[in-house]
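Below is one structure; the comments refer to it alone.
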């Protein structure tokens with residue numbers, strides 16, 4: 032493996048079926064803690080799309096029930112070791128950072144896979160966008176393969192620097208994201 036390939040491998044990796052299991056374990060713990068405050072917990076992002084190359088970091092969206100305020104969910108998540116980071120420039124998508132790899136804190140597990148946790152009101156446009164993008168790429172292998180190619184091009188340009196990869200993927204993917212999100216809606220994962 033040449034240096035460019037080694038640098039790229041540190042940014043993204045091949046799909047790993049364990050990501051779904053890891054998500055389920057975290058989601059189970061979150062469901063138990065959040066209870067009736069949440070409507071659903073969604074595995075989103077590239078790790079949720081079988082066959083997709085991805086940064087080995089789960090993206091998790093907690094969808095609140097209509098009557099739940101984000102402050103109620105925050106109070107629970109703090110007890111699990113998460114720190115509230117605000118909306119970070121995206122309306123109705125509240126970000127939470129883990130204080131350590133032991134988060135969510137559990138007596139049954141010492142560490143967890145790296146993950147981003149977001150809490151969204153049930154009618155959040157960002158939540159809808161995440162679910163729509165995930166579902167379209169799960170349904171259409173051509174779209175998935177096109178996104179893989181786009182990511183590979185971003186990796187080439189990044190020369191091993193993660194932030195350059197993220198920026199290049201966003202720049203190269205602008206039209207792709209619009210194309211995916213403007214397609215006629217397919218069924219959501221739970222509707223299948």
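Residue numbers (my numbering): 32 to 223. Backbone N, C-alpha and C define an ideal beta-carbon position, used for all residues, glycine too.
Rounded to the nearest angstrom, what separates residue i and residue j at their Cα positions?
i           : j           : result
residue 122 : residue 172 : 30 Å
residue 127 : residue 105 : 9 Å
residue 83  : residue 166 : 13 Å
residue 72  : residue 175 : 23 Å
residue 180 : residue 203 : 10 Å
residue 195 : residue 41  : 13 Å
residue 118 : residue 155 : 12 Å
residue 191 : residue 101 : 37 Å
residue 170 : residue 211 : 11 Å
residue 116 : residue 51  : 25 Å
residue 223 : residue 184 : Because the pLDDT at residue 223 is just 35, under 50, the model does not fix this residue reliably, and the value given afterwards should be weighed accordingly. Going by the C-alpha atoms only, they are around 33 Å apart.
residue 120 : residue 157 : 11 Å
residue 61  : residue 178 : 30 Å
residue 219 : residue 129 : Because residue 219 sits at a pLDDT of 47, beneath the cut-off of 50, its placement in the model cannot be relied upon, and the following sentence gives the value as read from the coordinates. Going by the C-alpha atoms only, they are around 29 Å apart.
residue 57  : residue 77  : 17 Å
residue 141 : residue 150 : 24 Å
residue 186 : residue 55  : 29 Å
Counting only the same chain and skipping the five closest in sequence on each side, list residues whose C-beta sits under 6 Å from that of residue i.
i           : result
residue 53  : 144
residue 188 : 199
residue 35  : Residue placement at residue 35 cannot be trusted, given a pLDDT of 48 that sits under 50; what the coordinates show is reported in the next sentence. Excluding sequence neighbours, residue 35 sits near nothing in its chain.
residue 161 : 75, 92
residue 107 : 64, 65
residue 97  : 153
residue 109 : none
residue 87  : 44
residue 159 : none
Kindly identify the DSSP beta-bridge partner or partners of residue i.
i           : result
residue 127 : 115, 148
residue 69  : 95
residue 74  : 91
residue 137 : 140
Does DSSP put residue i in a helix, a strand or coil?
i           : result
residue 168 : helix
residue 212 : helix
residue 85  : strand
residue 132 : coil
residue 192 : coil
residue 43  : coil
residue 142 : coil
residue 63  : helix
residue 154 : coil
residue 122 : coil
Which residues in the same chain as residue i place their Cβ atom closer than 7 Å to its Cβ, once the five residues preceding and following it in sequence are excluded?
i           : result
residue 182 : 43, 84, 200
residue 111 : 64, 134, 135, 136
Give me the residue from the options with the minimum Cα distance to residue i.
i           : options            : result
residue 80  : 159, 46, 69        : 46
residue 48  : 68, 89, 142, 67    : 89
residue 209 : 50, 163, 185       : 163
residue 124 : 94, 59, 51         : 94
residue 235 : 214, 149, 130      : Residue 235 cannot be examined here, being either before or after the span of the chain that is shown, 32 to 223.
residue 113 : 147, 139, 138, 141 : 147
Given residue i, which residues of its chain have a CB within under 8 Å of its CB, disregarding the five upstream and five downstream residues?
i          : result
residue 68 : 95, 96, 99, 103, 104, 107
Is there at least one non-hydrogen atom of the ligand ZN closer than 8 Å to the beta-carbon of residue i?
i          : result
residue 58 : The ligand ZN is absent from the structure shown, which contains no ligands of any kind.
Does any CB atom of chain B fall closer than 9 Å to the CB of residue i?
i          : result
residue 93 : Of the protein chains in the structure, only one exists, and it is not chain B.
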